[in-house]
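Count along the sequence shown from 1, add 67, and you get the number used in this note's numbering. By construction, the Cβ of each residue, glycine as well, lies at the ideal position given by its N, Cα and C atoms. Please read all numbers here as calculations on a predicted model, not as lab measurements. Comments concern the structure below.
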Amino acid sequence: MKKLLLATLTASLVVSSAFAGVTAGNYKGNNGNLSIKQNMQFSYDSDNGGMNMCMIDGTFQKQGNVLQYEEQNCKMVISAKSANAIHLEVSGDCSYFCGMGASVDTEDMSKK
68 MKKLLLATLT
78 ASLVVSSAFA
88 GVTAGNYKGN
98 NGNLSIKQNM
108 QFSYDSDNGG
118 MNMCMIDGTF
128 QKQGNVLQYE
138 EQNCKMVISA
148 KSANAIHLEV
158 SGDCSYFCGM
168 GASVDTEDMS
178 KK
């Protein structure tokens, strides 16, 4: 009985930790693509349906259950929505990373 209870508790902890934070992988949203490596390095690109695009490469900092990146007054915060989906929150001015008419937008993204 103790082994069954321990196995059940361990399985519960593994499942709950899977949703506790953002995991490495490739994500796609309506406007952008985001690739996050195990070491928290990332690459983001968006084309907003035009010829110009945005490109950001960097390293996220883990802050609790979210990932954060800030450079040139552009801030990105990534939070997990589920095991296969994230929310990208963008604030500040990210136009430094974009061509004319392109932008980095807040959006939900799913694992590819």
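Exercise. Name the two residues that bound the continuous beta strand (DSSP E) containing M122.
Key: 121-126
Quiz item: How many Å lie between D172 and N106 at the Cα?
Solution: 24 Å
Quiz prompt | Beta-carbon contacts of E156 that lie in its chain and below 6 Å, excluding the five residues immediately before and after | solution = V144, T173
Quiz item: Do N119 and G168 have their CB atoms nearer than 8 Å?
Solution: yes
Practice problem: Consult DSSP for S162 and reduce its assignment to one of helix, strand or coil. | Solution: helix
Quiz item: Any idea what DSSP makes of S170, helix, strand or coil?
Solution: coil
Exercise. Starting from the C-beta of K179, find all residues in its chain whose C-beta is less than 6 Å away, skip the five residues before and the five after it, and write them out in chain order.
Key: N93, K95
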